[in-house]
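Contents: one structure, followed by commentary.
Residue numbers (mature numbering (1 follows the signal peptide of the UniProt record, and there is no 0)): -21 to -1, 1 to 798.
Right, here's the structure in full:
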């Protein structure tokens, strides 16, 4: 949709007819602009003159970018009052008012100054703002009138969207009617007085009088409902709200960039775009509404829109559909109602996190209260339905409470949104059981499978257990001991499922051996890893650990379904991943297009969560030691699953690092301290993760990069571009259409560089990485990465000989050393 929008926009702009002739710098009462004269800004960035949009022959006075070859109009004076023919004339009269005349000398458009000017002049600034000022006034921003106070469909950097409460001036943007007519269309965007702008401002989009998008209130950092509005290297933005004015504005951090916001009536969206010089076109940075959950009130009262759910509308906890029949038919307009009625004053509150806060129309705000006082205020009023902070900076401050039904709530993806405390009857508070709920979450977080090597040990242990059980049964008079739960598959079952390990069913091969696709008799698809003879390992010292981890699992780890130990065969049976491994996508130009930025960011975040589980949340601390793109598998929804734990090691809870005399792993992902000194730790996995992030963002393979770039590694390339302010050049070309998430992309490059720093002490932990990915906090500056040159050359940044046991290609070497 965004591409279509901009193709149409470019088509329209190409057909704009603009007259170029004499260029002026300023206008005084003795000068004028006719249809053949233009006014140019000081540094030649913008130009004012007459133009005809699309196929129309009407003439309009407007401002456009002068140095962009595609004429792009950003402001129109006589939007709804065109001039017929090319005989328009713009003059500045002696009182300081701009007057636009047609061929009959009739006034088509004019300004209306509050006070008469003595010695006025008109100037077009490089910001795109045309201003009237006193010629002798030394205050550069003391304007008698400015076009920035009267936006058309475009918001430029430095413009204000909102209200001047002293004069009643309302600044808002409105779409064009169509490509041929710049008159105000149906779609508007602005900050509305009845939305309490003094206290809790939020912006609103309307089609006519109908509200169709609401940003959520400003919380000191961003709008609570705008997950995409995060700090970024291109621009910053803010909302100012006081007794004199309330407005949104943004400013460019790089003044050489051309960026604008347009209210687009064709797509009913608010589009931010940037001019890409190399492509000679405008590219979408982001658009809102961004998805269906941005539609105002889609899920009705007390409904929560979750874009990743099916259906996307879900009743909040403690609520049920008001009309189950309509709800089931995907008509959510009636919303939800409480399971049980309120029982004031015995009610309490349940905390909901990550939400776009409800419509503020029926709200009350006190910016001086803290959250505890806010709760007491809401609890004391039986009509109060919810409360929250108005400012989330620091520990949070201010109080907002809501009356009547809570409307237009959505779950913000990616760790955004705010906490909202919703009033609940005491009966629902009992069901929630705060501490019980937390205990369930903790238990759920530690259940799952982790290490292939350990689980293989478990299979061997279980086989021995079964072999010994007969004797135990006999000794106990036939009483069986409690069996363990990991399934054992017979070799005949595996042979049948894989077609006797047919070459046609072979999915690939790693350091532990080949992997085959199979299908069980019940139709379940499986992946069978057939371990090589050299991958065996003693298990006696692991029996106790195996008992602990047999039931461990995590959504970002590949699930082990069972094993087969029979004769010389050691087989591991996994869930089948239909989209195979990540490397088959990110290194392939054609397949890479399937992974847009949203999917890539979800993959990065999922891998990070999987590592947090291994390093911190599982019962044992697991170091993977072979994290790479080929060891990240993708399920049918492109969710990442870390696989191949053949080289994994268990650490004690207090253990920091370990040294080995035999280095194993995959070059290109191995940390420098591991290669040079045999030291590995959780920070070794962090290094591998950093390499993987840079590969996902760039679409380039770290191992093949040096040969194509004179020995320069991918990490050094990223470091150099970031330091030179050229981070955009590092991005995969497939991601050009995802510039609406540019801030996330560049943030991921930054995080990747933090993870690949030379010293393990400088690298963040994986829990810190997860916080960085989901927050808006400022990131520390990274130190130089671990490898500046290719590891296979003598120019590497470390001084050591390559261990004989290490791999020089993408296959992991599974050499076994004593633990």
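The C-beta atom is built at its ideal place from N, Cα and C for all residues, glycine as well.
Please classify residue i: does DSSP put it in a helix, a strand, or coil?
i, result
"residue 605", "coil"
"residue 524", "Annotation note: pLDDT 35 at residue 524 (below 50); position unreliable, coordinate value reported separately. It is helical."
"residue 712", "helix"
"residue 495", "strand"
"residue 815", "Residue 815 lies beyond the stretch modelled for the chain, which goes from -21 to 798, so this question has no answer here."
"residue 352", "helix"
"residue 17", "strand"
"residue 391", "coil"
"residue 857", "No information on residue 857 is available, as it lies outside the stretch -21 to 798 that the chain covers here."
"residue 403", "strand"
"residue 371", "coil"
"residue 240", "strand"
"residue 338", "coil"
"residue 730", "helix"
"residue 299", "strand"
"residue 569", "helix"
"residue 343", "strand"
"residue 179", "coil"
"residue 505", "strand"
Measuring CB to CB, does residue i end up less than 8 angstroms from residue j?
i, j, result
"residue 586", "residue 611", "yes"
"residue 402", "residue 328", "yes"
"residue 213", "residue 236", "yes"
"residue 69", "residue 103", "no"
"residue 323", "residue 279", "no"
"residue 391", "residue 283", "no"
"residue 338", "residue 193", "yes"
"residue 131", "residue 251", "no"
"residue 30", "residue 44", "no"
"residue 734", "residue 678", "no"
"residue 673", "residue 697", "yes"
"residue 239", "residue 53", "yes"
"residue 228", "residue 220", "no"
"residue 32", "residue 159", "yes"
"residue 398", "residue 332", "yes"
"residue 628", "residue 657", "no"
"residue 802", "residue 143", "Outside the modelled stretch of the chain, which goes from -21 to 798, sits residue 802, for which no answer is possible."
"residue 71", "residue 6", "yes"
"residue 377", "residue 346", "yes"
"residue 558", "residue 599", "no"
Have a look at the DSSP bridge pairing and note the partners of residue i.
i, result
"residue 143", "148, 224"
"residue 549", "544"
"residue 190", "185"
"residue 101", "6, 111"
"residue 40", "29"
"residue 824", "This structure cannot speak to residue 824, because the chain is shown only from -21 to 798."
"residue 230", "215"
Would you mind working out which of the options sits nearest residue i, comparing C-alpha positions?
i, options, result
"residue 311", "751, 335, 293, 407", "293"
"residue 745", "760, 602, 720", "602"
"residue 589", "226, 27, 338, 621", "621"
"residue 380", "373, 396, 408, 348", "348"
"residue 756", "371, 270, 558, 697", "371"
"residue 665", "712, 702, 594, 330", "594"
"residue 105", "538, 141, 169, 27", "27"
"residue 494", "480, 500, 502", "480"
"residue 75", "61, 90, 136, 319", "90"
Excluding the 5 residues flanking residue i on each side, which residues of the same chain have their C-beta closer than 6 angstroms to its C-beta?
i, result
"residue 552", "468, 505, 507, 540, 541"
"residue 512", "With a pLDDT of only 49 at residue 512, under the threshold of 50, the placement of this residue in the model should not be trusted, and no figure is reported."
"residue -20", "Legend: pLDDT at residue -20 = 45, less than 50; position of this residue unreliable, no value from coordinates given."
"residue 448", "Only weak support exists for where residue 448 lies, its pLDDT of 40 falling under 50; the coordinates are left without a value."
"residue 383", "341"
"residue 487", "494"
"residue 771", "At residue 771 the pLDDT is 39, less than 50, meaning the model places this residue with poor confidence and gives no usable figure here."
"residue 818", "This structure cannot speak to residue 818, because the chain is shown only from -21 to 798."
"residue 607", "645, 648"
Can a CB atom of chain B be found closer than 8 angstroms to the CB of residue i?
i, result
"residue 148", "No chain B is present in this structure, which holds just one protein chain."
Starting from the C-beta of residue i, find all residues in its chain whose C-beta is less than 8 angstroms away, skip the five residues before and the five after it, and write them out in chain order.
i, result
"residue 470", "543, 545, 546, 548, 550"
"residue 571", "564, 565, 678, 711, 713"
In its own chain, which residues sit with a C-beta less than 7 angstroms from the C-beta of residue i, not counting the 5 before and 5 after it?
i, result
"residue 484", "477, 478, 495, 496, 497"
"residue 305", "313"
"residue 273", "192, 267"
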